[in-house]
Amino acid sequence: MHAHQRDALAVAASGESYVLTTGTGSGKSLTYYIPIVDRIVREGSGKGVRAIVVYPMNALANSQLEELKRFLHRGFGGKSPVTFERYTGQESREKRDEILKNPPDIILTNYMMLELMLVRPQERKLITASKDLSYLVLDELHTYRGRQGSDVAMLVRRLRQATGAANIQCIGTSATLAGPGTLAEQRIEVAAVASRDFGVEVKPTSVIGETLRRATNGAVDKDALRQRIHAAPPTTYADLHVDPLAVWIEDTVGITEKEGRLVRAQPRTLEQASRQLADLTGADAGECAAAIRATLMAGAGDDAVDPSTGKRLFAFKLHQFISRGDTVYQTLAVGEDRWFTTKKQMFKPGDPGSLLFPLAFCRECGQEYLLAALDDSAGYPRFVPREERDQSGEKKTGYLFLSASESWPEKSDTLALADRVPEAWVTGTGDERQIAADRRDLLPDVKQVDRSGAIVDAGGVSAAYLDKFRFCLNCRTVYESARGNDFAKLSSLGSEGRSSATTVLSASIVRAQQKEVGIADAARKVLTFTDNRQDASLQAGHFNDFVLVGQTRAALHRAVRDHQDKTGGPLNHEDLPAAVVAALNLDPTEYAKEPGARLTAERAAKALREAVAYRVYADLSRGWRITMPNLEETGLLHVAYAYVGELSADSTRWSSDTWSQMPDALAAASPESRQKMIVALLDEMRRNLCVRTSYLTEEGSERIKSLSEAHLISPWALTDDTPARSGTAYPPVP
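In full-length UniProt numbering, the protein residues as written are 1 to 734.
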């Protein structure tokens, strides 16, 4: 037993409330479960709820529940001397009813469920059963801060009042002591915080810290360190625990001495530790970093186990802090005169007169635009940089378009504008072309601007200013609605989205683990903590959707590629479902509700084909997953249409004899021009799901849902919230 555990049990025996401040994995939970179980065993089980243990996260409650089962069930021949249950909101209705009917001796919960116990009439049984409550434990006490800390403090007082229990011993666990002041001053501060949270006195002498001892043995020697940096680390515990570099690592990043006691050292980056070692030895910082990494890994290896404790020499944690990406910043210049940086700053270094503007990029063609706001607070009009989502209304926000090859035409140059704006904005033909009257006021304003953003008469660069992003000035992609923000139209390097970034990082870690040798399959996992249940549900759904979409798209790509390699031609849509399912190569255990049922195997396979076809068609929709463009948008898939070439070349179909309203221009067009127009129209209809297929009709999707619910498991079964529906295209009225 550790020293802090012995100290905590001594305080627990006195009946005083106490707080334990030790590191992760130090056995803090035993310091409250031992006295709780001991008292219940001595006084008898089944006398109501005697202890409530509150965890900040359900994952901790789940883990501790398994530990209790391991110690109390298996340790007593399968018959635990005390009863305990988890009550966190994860339980089924039947399980909750069972707990309410037979309240356990110990309840493991979270503070939100404890709140509900106090306010829900049906759960007042648990509060009534807690009239002799003896222990209240707040695990990870340091996580309750700010408003949440106030809520928990009030909750504890309401619980004490509702139960009427007179002698509740309050116990808290917290992170290791850190911060300014002496150890005694730190204990006083922790005791004050705990007293406010629990509403009872927690004495500074009842704040129990950890007692550390060295893992290595020896002193730091510069010459030995210098030689050791260029050598491979030892691998056995006998050699490692006296290794000069291992000793230095423990002294530098592991422990330090304070008031005659060993305490944990302040965390530092690998770069900081490498520089410190380089300064001490005169070695290269890169070589020092490599030596530190190798020694840490050797100290955490299977051969570095201390025979007296059974623990590895080093148990280290590496923290990596990842923030959202920033965008690119550019000066007000064109061509080779432009200056770029990815570090946010106001001016170009060495040139305080040159403003730097963040860039956004057209999602269709990649054309860059400068995020700018029109400002006259300096007494003259000028453009100043703005943030991507800064549309507060205090300034006139918009975008600047600069081009070295072809600047934007003035509003007076009608014919030049007609060649640059969307075709729908132009009336007339040839030299008679004009900008539609309702579009003239929407054209960009052309200004001359200098490097400071000031609007000048001459000597600056020509910039087109758009107050709203109605169309791209390069590719002419048009957006009929200018409402809302422009996130779906323009992207920056930092607009990946938090959920998408977390999903990509998690998937990358899992893939990297598959390549590592020496890691047990059970350990190839990523454990993610988040602030609340809603965020966790959102992230889990996002990740599952990411995997499902990626798997379906990969199968579609392989099916098309394999068919093309085999036949030399495209894959027809009628063969698509079976080909994609074949490319998925799923075992029935991965999709069927009853994989071993021979009679329903064909129905399950059909349900899978239907569900996959539904998802493939739905994924044809353009832009609904902004951060996950589909295969066509990334250039990995091309969709063609049968008989379009023959139809375009058949002149008899394009005469007024066939259709009295046939436009003369269409009748006189070449087969190639007609084919181009037909494909453009069909592409636009398809990307808006204006496709005649039973998969996208309401009746068809309901049929697929019923079939998949009967035979498929998640994630292949379609759910009630599957949104894809066939669109409708209406021809214009003459």
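All C-beta atoms in this analysis are idealised placements derived from N, C-alpha and C, irrespective of residue type, glycine included.
Query                                                                                                                                                                          : Result
Quick one, are the C-beta atoms of valine 461 and leucine 402 less than 9 Å apart?                                                                                             : yes
Please report the distance separating the alpha-carbon of aspartate 413 from that of leucine 637.                                                                              : 40 Å
Pick from Gly89, Leu68 and Pro180: whose alpha carbon is nearest that of serine 80?                                                                                            : Leu68
Given that a residue counts as buried once 16 or more other Cβ atoms are within 10 Å of its Cβ, and exposed if not, what is serine 701?                                        : buried
In the DSSP assignment, find the beta strand (DSSP E) that holds glycine 550 and state where it starts and stops.                                                              : Counting along the chain, glycine 550 falls outside any beta strand (DSSP E), though it belongs to the alpha helix (DSSP H) covering 533 to 567.
Excluding the five sequence neighbours on either side, which residues of its own chain have a C-beta within less than 7 Å of the C-beta of alanine 640, listed in chain order? : Pro570
Any idea if glutamate 610 is buried or exposed, counting beta-carbon neighbours within 10 angstroms, 16 or more meaning buried?                                                : buried
Mapping the DSSP letters down to three states, classify isoleucine 106 as helix, strand or coil.                                                                               : strand
So, helix, strand or coil for alanine 523, using DSSP?                                                                                                                         : helix
Looking at C-alpha atoms only, which residue of Ala59, Asp450, Leu490 and Thr252 is the closest neighbour of isoleucine 626?                                                   : Leu490
Would you call lysine 705 buried or exposed, if buried means 16 or more other Cβ atoms sit within 10 Å of its Cβ?                                                              : buried
Leaving out five residues on either side along the sequence, give the residues of the same chain with a beta carbon under 8 Å from the beta carbon of arginine 558.            : Ala583
How many Å lie between leucine 527 and arginine 533 at the Cα?                                                                                                                 : 15 Å
The beta strand (DSSP E) with serine 462 in it runs from where to where?                                                                                                       : 461 to 466
Give me the residue from Leu183, Thr205, Arg312 and Leu442 with the minimum Cα distance to glycine 260.                                                                        : Leu183
Quick check on the DSSP output: the alpha helix (DSSP H) that includes cysteine 362 runs from which residue to which?                                                          : Unbroken run through cysteine 362 is the beta strand (DSSP E), 351 to 362; no alpha helix (DSSP H).
Considering only DSSP beta bridges, list what proline 56 is partnered with.                                                                                                    : In DSSP, proline 56 forms no bridge with anything.
For glutamine 675, which residues of its own chain have a beta-carbon under 7 Å away from its beta-carbon, when the five flanking residues on both sides are left out?         : Val644, Gly645 and Ser648
Could you tell me if serine 274 is buried or exposed, where buried requires 16 or more neighbouring beta carbons within 10 angstroms of its beta carbon?                       : buried
Could you say if the stretch 357 to 372 and the stretch 323 to 339 meet the contact criterion of at least three C-beta pairs nearer than 8 Å?                                  : yes
For valine 156, count neighbouring C-beta atoms within 10 Å of its own C-beta (all shown protein chains included) and say buried if the count is 16 or more, exposed if not.   : buried
So, threonine 269 versus isoleucine 229, is the Cβ gap smaller than 9 Å?                                                                                                       : no
Rounded C-beta distance between tyrosine 237 and aspartate 306? I'm assuming under 8 Å.                                                                                        : 6 Å
Hey, could you find the ends of the alpha helix (DSSP H) isoleucine 229 is sitting in?                                                                                         : 222 to 229
Do the stretch 499 to 519 and the stretch 538 to 551 meet, that is, are 3 or more Cβ pairs less than 8 Å apart?                                                                : yes
Measuring straight from C-alpha to C-alpha, what distance separates leucine 159 and tyrosine 111?                                                                              : 11 Å
Return the CA-CA distance between valine 137 and glutamate 602, expressed in angstroms with no decimal places.                                                                 : 55 Å
Quick one: measure Cβ to Cβ for serine 726 and leucine 681, integer angstroms, because I've assumed they're closer than 8 Å.                                                   : Not a contact, Cβ separation roughly 17 Å.
To the nearest angstrom, how far is the alpha carbon of leucine 443 from that of alanine 418?                                                                                  : 11 Å
Residues bridged to isoleucine 455 by DSSP?                                                                                                                                    : Val449
Considering aspartate 375, what are the terminal residues of the beta strand (DSSP E) in which it resides?                                                                     : 368 to 375
Run through DSSP, which three-state label would glutamine 434 get?                                                                                                             : strand
Isoleucine 52 and threonine 109 look like a contact to me (Cβ under 8 Å); what is the Cβ gap, rounded to whole Å?                                                              : 7 Å
May I ask which residues mark the beginning and end of the beta strand (DSSP E) holding glycine 209?                                                                           : 207 to 209
Closest Cβ-Cβ distance between histidine 557 and chain B: below 9 Å?                                                                                                           : You won't find chain B in this structure, because it holds only one protein chain.
Below 8 Å on the Cβ atoms is my contact criterion, and I expect lysine 28 with threonine 173 to pass it. Report the Cβ-Cβ distance as a whole number of Å.                     : 4 Å
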